[in-house]
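These notes concern the structure reproduced below.
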Amino acid sequence: MGIDYYNILKVNRNAREEDLKKAYRRLAMIWHPDKNPENKRESEAKFKQISEAYDVLSDPQKRQIYDLYGEEALKSGQVPPPPPDGGRSAGTGSRSGQQPNPSFRFNPRDADDIYAELFGETGGVGGGGGRGRGGYREGFFRTSHGDYAGTTGTTAPPKKAPPVENTLPCNLDDLYKGVKKKMKISRTIMDASGKVRVVEEILTIEVKPGWKKGTKITFPEKGNQEPGVIPADIIFVIDEKPHAVFKRDGNDLVVDQEITLLEALTGKTLDVTSLDGRSITIQLTDIIKPGSEVVVPNEGMPISKEPLRKGNLRIKFEVKYPSRITEEQKADLRRVLGGS
Numbered sequence: 323m324g325i326d327y328y329n330i331l332k333v334n335r336n337a338r339e340e341d342l343k344k345a346y347r348r349l350a351m352i353w354h355p356d357k358n359p360e361n362k363r364e365s366e367a368k369f370k371q372i373s374e375a376y377d378v379l380s381d382p383q384k385r386q387i388y389d390l391y392g393e394e395a396l397k398s399g400q401v402p403p404p405p406p407d408g409g410r411s412a413g414t415g416s417r418s419g420q421q422p423n424p425s426f427r428f429n430p431r432d433a434d435d436i437y438a439e440l441f442g443e444t445g446g447v448g449g450g451g452g453r454g455r456g457g458y459r460e461g462f463f464r465t466s467h468g469d470y471a472g473t474t475g476t477t478a479p480p481k482k483a484p485p486v487e488n489t490l491p492c493n494l495d496d497l498y499k500g501v502k503k504k505m506k507i508s509r510t511i512m513d514a515s516g517k518v519r520v521v522e523e524i525l526t527i528e529v530k531p532g533w534k535k536g537t538k539i540t541f542p543e544k545g546n547q548e549p550g551v552i553p554a555d556i557i558f559v560i561d562e563k564p565h566a567v568f569k570r571d572g573n574d575l576v577v578d579q580e581i582t583l584l585e586a587l588t589g590k591t592l593d594v595t596s597l598d599g600r601s602i603t604i605q606l607t608d609i610i611k612p613g614s615e616v617v618v619p620n621e622g623m624p625i626s627k628e629p630l631r632k633g634n635l636r637i638k639f640e641v642k643y644p645s646r647i648t649e650e651q652k653a654d655l656r657r658v659l660g661g662s
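Residues in the sequence shown are numbered from 323 upward in steps of one, following the working numbering.
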């Protein structure tokens with residue numbers, strides 16, 4: 323018989339019109355090419371096959387010829403003539419009890435027209451005629467606002483599964499320089515026959531310089547496939563690991579630096595190694611008070627939306643006082659600092 327249209331739609335040979343519609347709608351929602359942008363070639367072939375099966379089985383004349391003589395006779399138009407007595411030949415009964423028209427020629431319907439008819443209907447099949455084919459398709463799948471354009475037929479749009487969030491830990495070096503991370507996921511998908519299988523995929527996440535904790539990266543509809551449900555979005559949320567030297571404050575980098583009282587009073591040269599390995603030299607010439615800051619412009623975190631700009635490097639000072647000094651040292655300090 324060639325192609326088994328009943329098996330493609332997963333219906334029995336006595337399936338009624340409503341059974342065929344339900345089977346088609348379920349499979350079309352899974353295999354429509356707009357729903358499978360990353361696997362378009364396979365989905366287009368599956369969608370065409372599902373549409374052809376529905377076209378044949380929902381048309382009484384096509385179905386009669388297919389049931390009696392199979393796919394090859396249906397498509398070639400080589401339908402045997404009726405028996406001389408006008409009755410049915412043994413073992414080749416049809417649903418109507420009549421012989422098929424020997425002059426029949428197979429004329430397949432367009433897959434998009436079938437889809438438009440079943441998902442764009444406004445009451446009965448084919449209702450709402452006069453709208454273009456593209457209008458029907460966009461009337462069912464999501465609009466740019468993420469909503470479903472409202473078909474008013476009996477078939478409600480499928481609901482989308484809630485998003486699945488995963489934490490993506492990144493160290494400060496990754497968020498400063500940017501990095502590519504590969505995440506392996508395992509999910510269930512459904513083939514055209516409705517069978518479920520588990521597949522593994524590698525998702526590549528390009529972390530941009532300057533991204534912050536809480537940044538979300540979304541992979542649309544990469545969740546598990548289920549009948550009548552739009553797969554969930556998979557979302558990775560950036561989390562920032564603590565760094566041994568730097569703390570992040572918005573776009574600024576903060577370093578805690580301890581200096582002695584002598585260095586606070588007389589000056590010091592500091593060398594700070596940046597997150598990209600450069601040595602930043604800071605000359606301290608003014609008196610440093612406890613808790614004060616020195617700001618080095620444009621040496622903080624990259625600003626993700628302004629690639630040529632960075633935040634500041636802020637150095638916070640803690641002045642370490644001596645645990646004790648001698649009377650002679652006290653006298654020298656009084657003399658130097660002007661005390662009595």
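Note that beta-carbon positions come from the ideal geometry of N, C-alpha and C, so glycine has one too.
| field | Simplified DSSP state of P359, which is helix, strand or coil | value | P359 falls in the helix class under three-state DSSP.
Fill in: Cβ-based burial, P644 [other Cβ within 10 Å; buried from 16]
Flag for P644 reads exposed.
* Asked: Quick one, which of I527, I507, L349 has its alpha-carbon nearest E366's?
  -> Of I527, I507, L349, the residue nearest in Cα terms is L349.
Tell me whether the beta-carbon of M505 lies closer than 8 Å to the beta-carbon of N573. Not a contact, by the Cβ cut-off of 8 Å.
**Exposed unless 16 or more other CB atoms sit within 10 angstroms - verdict on Q400** = Q400 comes out exposed.
Review point. Going along the chain, which residues of its own chain have a beta-carbon closer than 6 Å to the beta-carbon of S614, five neighbours each way excluded?
Key: A distance below 6 Å between beta-carbons, with the five flanking residues on each side excluded, links S614 to the following residues of its chain, in chain order: F639.
- Message: Whether or not the segment 425 to 440 and the segment 367 to 383 are in contact is what I'm after, with contact meaning three or more pairs of Cβ atoms, one per stretch, closer than 8 Å; do they touch?
- Response: Yes, the segment 367 to 383 touches the segment 425 to 440.
inquiry  = Using only the alpha-carbon positions, how far apart do D381 and K535 sit?
reply    = 58 Å
- Message: Am I right that P610 and I581 are in contact with their C-beta atoms under 8 Å? What's the rounded C-beta distance?
- Response: In the sequence under discussion, the amino acid at residue 610 is Ile, which differs from the Pro named in the question. The Cβ separation is near 6 Å, so the contact holds.
**Message:** Which same chain residues end up closer than 7 Å to T480 when comparing Cβ atoms and leaving out the 5 residues on each side of it in sequence?
**Reply:** Here the sequence assigns Pro to residue 480, which means Thr is not the residue at that position. Counting only Cβ-Cβ distances below 7 Å, and skipping sequence neighbours, we find M351, G550, V551, I552.
Run through the DSSP bridge pairs and tell me what N488 is partnered with. F558
ask   = For L635, which residues of its own chain have a beta-carbon under 6 Å away from its beta-carbon, when the five flanking residues on both sides are left out?
value = L575, V618, E621, G622
Notebook entry, point to check: When DSSP builds the beta bridges, which residues end up paired with S508?
Noted result: E522
**Message:** Using C-beta distances below 6 Å, list every residue in its chain close to K632, excluding the 5 sequence neighbours before and after it, in chain order.
**Reply:** N620, G622, P624
Can you give the Cα-Cα distance for G532 and V567, rounded to whole angstroms?
18 Å
* From E650, P629, G500, residue whose alpha carbon lies closest to that of E528 -> G500
Exercise for the section: For E628, name the three-state secondary structure that DSSP assigns. Expected result: strand
Query - Separation of D571 from L331, as counted between CA atoms - result: 58 Å
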